Each structure stands twice: as structure tokens, then as C-alpha cells.
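Protein chains in written order, with the numbering used here: chain A, 3 to 398; chain B, 1093 to 1399.
Just so you know, even glycine gets a beta-carbon here, dropped at the ideal spot from N, CA and C.
It should be emphasised that the depicted structure is a prediction, and the values quoted were computed from it without experimental measurement.
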Amino acid sequence: MKRLSIFVTLIFIVSLFSVSAYAQEVLKLGIPLPLTGTNAKFGEIEKKSYEIAKEEINARGGIKGKKIVLEFEDSQGKPEVARSIVERLIDVKKQPVVFGEYSSSCSKAVAAVAEERKIPYLVVTGATDDITQQKYKYVFRLNPTNAYYAKGLMSFLDTVVKPKTIAILYESSDFGTSGAEDMVHQAKKAGMQVLVKEQYEKGAVDFRPILSKVKAAKPDVIYMVSYVMDAALLMRQIKELRIDAKLYAGGAAGFAIPEFIQNAKEASELVMTATLWSPQIAYPGAREFAEKYKKLYKDYPSYHGAEAYSALYVIKDVLTRAKSWKSEDIRAAFKSTKMMTAFGPVKFEDKEGYTNQNFMDTLVMQVIKGKHETIWPLKYASAKYVYPITKWRERR
Amino acid sequence: MEQYELFLQTLIAGFMLGGLYALIGLGMALIMGVMRVINLAHGDFMMIAMYIAYWLFTLFEIDPYVSVFIAAPALFLFGLVIQKYLLTPVMKVESILPHNLVILTVGLAMVFSNLATVFFTGDYRSTPVSYASNAWYLTDYWPESPIELSLSMPWTLSFVVAVIITIALWIFLTKTDTGKSIRATAQDVDAALLLGVNVNRVRMVTFGIGLVLVAAAGCLFIPIYYLYPALGKQFTNVGFVITVIGGMGSTNGAVIGGLILGIFESMTATYIGMGWAPVGRFAIFVAALIFLPGGIASIIRRRRLGK
């Protein structure tokens, strides 16, 4: 009997030891993402990208010798769900750092929890300006804010096109309205006159009435903030009405993904768009990531994918440099981040009313011969921009 | 000159949109007239037809305009089945709620759009036909023209097909026996029964034809628009507004109502703002209910009686 109890105890101790040994080798990171609901598509892209990054990091020995295990938690795109997920991650699972989420509203909810619990949070895709304008100490943001999306485009306009007038069409959603407001602001700063500023209800069938109005106003630039299907319809109807502007430009989103070209076909030719990232950009690792993603999932990732992929590298960098995994040390490590990722340079700065915000160049892409090419800034360009734009009548 | 151009272009756009709207409204009005039921799943039936057209295009490269002849009969059969096994049994049930059938159609709408999300995901889809952005231009035919007007090829095609279908329906309703019994049932169910019309069969056929019309509308819409599972609601709204403007069940009223709605929406978009178009739609809806409760049909009837 005595021998048996010793044996049992021994087994117990051994198993305990092996469990703790296992725990030492593994770092579990929970990531809130919308995996169902309307934003599920973007959640999916990010999930796949996180996993690519995880494989790569683990293949090179993980973080401080620990293999990473990612646990995706479905927030359904609802801020209250995202909030409760993160509360559990921090309070129950004692995760040292939080990152993830897709939409601005969810990121905002998570940021509030993280600040309250004093656990560093890395915003990966939420773009609304005010997330990093609240003087939060523990919230860092990898992606540029909404106000900076069109920065690259503006510099292209200033140097090459020098337009005097602009027409702005936008979807009547949060995203569309804020994008349009930012553009009005920047256009005025650049001395452009806003001739038409019209919103439309998402799902509109016929844009020709407002487009006819745009045609009558004869703007130099037509700037549109739309999701993909509206973007394609707009360009198709612009071609049909033969509205000749010096430049057609989209504010990221719908204009920046391959589906835009598939749907708008030849009407998409020479259209420009602001974007944060593109698969052929010259950042180290960007092209490799894009090709790997394409090999696995048959399609190039959008910039959301690159953001997620790079976010895990930032986390790795921060956790490796941190003196300990206490929140103050991790925060200090975030503050001193200075690294290059597939998404671009990362450095968290306090300026222009933002705290812990990563500022970076945003790009301009143009559809050239049925393909998105990066054209601006010139140092990252994959092709020479085509300007002036051919008139519709002369296109065949 | 530019103002004329703007006005004419808007008018053309509104007229074409109205023609397509009319096709959606026609089916709804027909069902309303015979069955005394607002079919709130109308737009979702259209969504089903659009998915048929989409898959035929994607898998077999069948042009959406050809799909009209496939999707419409398919939905006709589907309509017969739904009418026979779902609507008729519910119609017979005595219940506290007088509008069982309307509630049933709401349920159907939810089932359809959710099933579509499950099977086809929430992705946006379209059929990028090669002639999607082709158009005819006034200045190509008359170079000295002071104004430039354009006519989109797919829109014009869709509009013409819609007109042909509407005329075919009119001939069917006025010249054939089945058509006459449909109209008889719509006018007075009891009298039709007394005169030996098989009302149940007429109801089935009517529901089927209503779906044929909306299926055709779906196939005509997909080359100029796009598709996603929740699209039905928006077009159910359109059909509903048209049915009310037209006068609850009048087919003539529905055609005129569709055109009015299309032109009104385009004019609002040009002269007030595109964000206001949906507001305009409901303003006209409320106005019709208050000032013209019988719809356009009541005007037509009054003129006839006056003679």
C-alpha cells in the first residue's frame, strides 16, 4: 500500500513537472478578431496572416525560446464582445500584452479596457483618429490613422497634377464621411476648390444623376471613398458618361483590392488610389509574405493582412527586448521600438496630438494594364505612373 | 446648355431605372391583387434568381440576359411549390392574427437570405460582362450636337427586355383565359368562384407569374448591379412602395408607379442630393397614402367612369 502511494505521488510529481516544462516552452496569445458577421472577411485575412507569422517565428525559435500558440477569439465585430474577450485575456489568462481586432469601434473598446488594466495594447487595423488621441499610456497603434490615408495621394497631387478643383463622392457611412471630411480639409489646405461634395447611400443602383452633376462642374480631380462594388459601379458609369477629369482617385478600401479591377474591367484602367501597402512594395519581407500568402490561399492579401503579419513581429520584438514581462517593462519596450517590418517602418511617436502612434508613408497605386502598381512615393514605386490620363473618347 | 444636358441625362436614367422598378412592382402588385397579400419576400426571390444567373454566368459563361429564360421558369416552379405547400395551408388556418400570410412571407425572406449567407457566404458578387461599360453617344451619331447624351448598353438592354416582358404580361392578362380568370379573381373572389373559376389554381399560377416577373427583374439587374445575400430587403421596399403608389394590386398602376418612382429618385439625386434618394422614396410613399389612398389605379378608374 505504501509503495503504491509513493508510486502515485511520483507519477503526480512527474506529470506536474512535465506540465510546467510544457508551459515554459509555450506562449499562448489570445487574439480577438471578427470571425463571423459582416467583417468576417477581414477577420479571416488577418487570421491567416497571423498564422503565417507564427509559423515563421516558431521556426526560428519562437519568443525567448517559447513557441507561440495563437488562440483566436471571435468578437463578431461587436465592441461589447471584444471587450469581454479582452477582459478575460487580461484578468483570467494573465496575458502580458494584448493585440488584434479589426474595426475601429472594437479597437476603441479594447483600448479602453487595456488602459484601465494597465496592459499594453497594440492596435493593428482600427483607423479612426481618436483612438490614439486620448492620451492613453498603454495603447500603441501600428497602422496610420484615417487622416493620413490620403497623405501619399496629396503629395502626388501637389507635385505632379497640381489640380485647382476637386469633386468628392462618398458613402454615407462612418468610414466614408470621415474620409471625405479629411479630404475636404486637406484639399482646402492645398488650395483646391471643392466643387461637388456628395454622399450616397450604400447599395445605390444608379450613380448617373450625381455623376452628371460632377460632369457639369468639370473638376480636375474626382475623389471617391467607397467599398468595392460601389467603386466598380462608379467607375463604370464615369466611363459611360465620358467624364474627363485629370485624375480619378479612390480613398483606399474598395479601390485598392483586386476585386475592383475584376468588376470594373477596362473602366478601372489608370484609376489611382491611396493605400497603406501593396504586395509588390519594396519593404523587406513584404513580397515574400505576399507570395507565401498567395501560395497558401490563392489570392494576394490586402493591407490588413500585412498589418496583422507585421503586428506579430512587433510583439515578438517587444517581448524579446523587454526587461521582464511586467506591464511597465513591456510598455517601455514598445516606446523604444524602432524596427522594419513587411508593413513598413515601425516607431511609436507622440506628435500632432497623437500618442504612441506609428507614422509612415502611405502609398498611391494606379491600375496599369489591368494590374495595381505602386506609383508613389517614387522610392517605393513598382512602375512609372501614367499621367496625363487618356480621355475616354480616345480609349479603345 | 449644360443644364439641359443634366436634366435630360437624369430623365433618361430615371426612366430606365423606373422601367426596371416597374417589373419588380408588377409581380408584387399581381400577387397583392389576387391573393390580398403583400409578398414581403419578393426581393429575396429576386436574390435567388440573381444567384441562379450569377452561377450560370460564372460556371457556364451564360449571359445573364439568356438566364432570364432559365431563372424565370425555375422560379415559376418554385412559386407553385411554395404556394401549394406553404401559403395555401396557412391560408386555411383560422387564427387570431389576420395577416398570417404576410408574416409567413417575412419568415420566408429571413430564411432565404440566411440560407444564401450560409451557402454562398456574405461576399459581394457580380457578373462582369464584357459590354458592362459600353454606351451609345449622341455626339457619335450627330457630331454637331450641342449637348452630349449617353445611353448605357446594358441598361438599355435591360430596359427593353423589361418593356417586352411587361407587354407580354399585358397580352397574357387581357387575351388568354387564364389571364382573364386571374383578373376576375383579383376583382371579386366570390363572383369568380361562382362563375366556375378554380380560384386555388389561379392563386398558384399568379404566385408563379409574380415570381417569374421578379426573377426576370433579377436577371436584368445583375449585369448593371451586384449581388449579396441581404440584397432582397432593398428591392422588397421598392416593390412595396410601387404597389402602394400604384394602388394595391393594380398592374397598370404598378407600371406607372414604377416609372414615377424611378424618375423621382433620379431627380432627387441630381437636384437635392443622392443621400436623399431613399428619403424621397418614402416621402412619395407617405404622400401617396395620404393624398391618393387608392393609388394611381383610382385616377385611372375615375377617368374611365367619367366618360
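Where residue i falls: helix, strand or coil (DSSP)
i	result
B/S1244	strand
A/E53	helix
A/M226	strand
B/A1224	coil
A/G32	strand
A/N265	helix
A/W394	helix
B/I1063	Residue 1063 of chain B is absent from the structure shown; chain B starts at 1093 and stops at 1399.
A/P211	helix
A/V366	strand
A/A23	Residue placement at A/A23 is flagged as unreliable, the pLDDT there being 47, under the threshold of 50; the coordinate-derived value follows with that caveat. Three-state result, A/A23: helix.
B/K1399	Residue confidence for B/K1399 is low, a pLDDT of 49 falling below 50, so the modelled location carries little weight; the figure read from the coordinates is stated next. Coil, per DSSP.
A/P347	strand
B/N1405	In the structure as shown, chain B starts at 1093 and stops at 1399, and residue 1405 of chain B therefore has no counterpart that could be examined.
B/I1364	coil
A/F361	coil
A/R333	helix
B/Y1143	helix
A/Y123	strand
Start-to-end residues for the alpha helix (DSSP H) that takes in residue i
i	result
B/M1127	1094-1127
A/A251	No alpha helix (DSSP H) holds A/A251; the beta strand (DSSP E) holding it covers 249-253.
B/T1197	1192-1212
A/D319	305-323
B/P1165	1156-1174
Closest residue to residue i among the options (Cα-Cα distance)
i	options	result
B/T1270	B/S1250, B/D1282, B/V1291	B/V1291
A/N148	A/K191, A/A255, A/K220	A/A255
A/M362	A/T40, A/P379, A/L298	A/P379
A/H374	A/E271, A/P81, A/P146, A/K199	A/E271
A/K220	A/V196, A/M231, A/Q201, A/V230	A/V196
A/Q201	B/I1263, B/P1370, B/V1306	B/P1370
B/L1132	B/W1234, B/E1153, B/S1205, B/T1268	B/S1205
A/E330	A/V99, A/K217, A/D132, A/I224	A/V99
A/S105	A/G39, A/Y295, A/I263	A/G39
A/E157	A/D176, A/E268, A/Y172, A/A192	Inspection of the sequence shows that residue 157 of chain A is occupied by Ser rather than by Glu. A/S157 has its Cα closest to that of A/A192, out of A/D176, A/E268, A/Y172, A/A192.
B/T1248	B/Y1157, B/A1163, B/F1152	B/Y1157
B/M1340	B/E1357, B/F1299, B/P1385	B/P1385
B/G1300	B/D1232, B/A1379, B/L1169, B/S1218	B/L1169
A/Y356	A/Y387, A/G45, A/T130	A/T130
A/L91	A/E354, A/I33, A/L144, A/M185	A/I33
Whole-angstrom distance between residue j and residue i, CA atom to CA atom
i	j	result
B/A1308	B/Q1095	35 Å
A/Y52	B/L1179	50 Å
B/V1336	B/G1387	6 Å
B/I1239	B/F1099	11 Å
A/V366	A/P303	17 Å
A/T167	A/Y389	17 Å
A/A313	A/V126	6 Å
B/G1111	B/V1252	9 Å
B/Y1113	B/M1245	18 Å
B/K1176	B/V1297	10 Å
A/A84	A/D93	14 Å
B/A1227	A/V207	17 Å
B/I1382	B/A1375	11 Å
A/G253	A/S174	14 Å
A/K381	A/I212	37 Å
A/G128	A/C108	8 Å
CB of residue i within 7 Å of CB of residue j, strictly
i	j	result
B/P1220	A/N265	yes
B/L1109	B/G1354	yes
A/M226	A/Q368	no
A/A324	A/A335	yes
B/S1346	B/A1121	Here residue 1346 of chain B is Ala; the residue named in the question, Ser, does not match the sequence. Yes; because the gap between Cβ atoms is below 7 Å, this pair is in contact.
A/F74	A/L124	no
B/M1127	B/R1295	yes
A/A111	A/P81	yes
A/I332	A/P122	yes
A/W279	A/Y305	yes
Terminal residues of the beta strand (DSSP E) in which residue i lies
i	result
A/A169	167-173
B/W1234	Note, B/W1234: premise wrong, no beta strand (DSSP E); not H, not E.
A/V198	195-202
A/K373	373-378
A/Q78	Taken as a continuous stretch (DSSP letters only), A/Q78 belongs to no beta strand (DSSP E), as it is neither H nor E.
A/V141	141-143
Min CB distance residue i to chain E below 7 Å
i	result
A/I212	No chain E is part of this structure, whose protein chains are labelled A and B.
Cβ-heavy atom distance, residue i to the ligand ATP, below 6 Å
i	result
A/V366	Ligands are entirely absent from the displayed structure, and the ligand ATP is therefore not among its contents.
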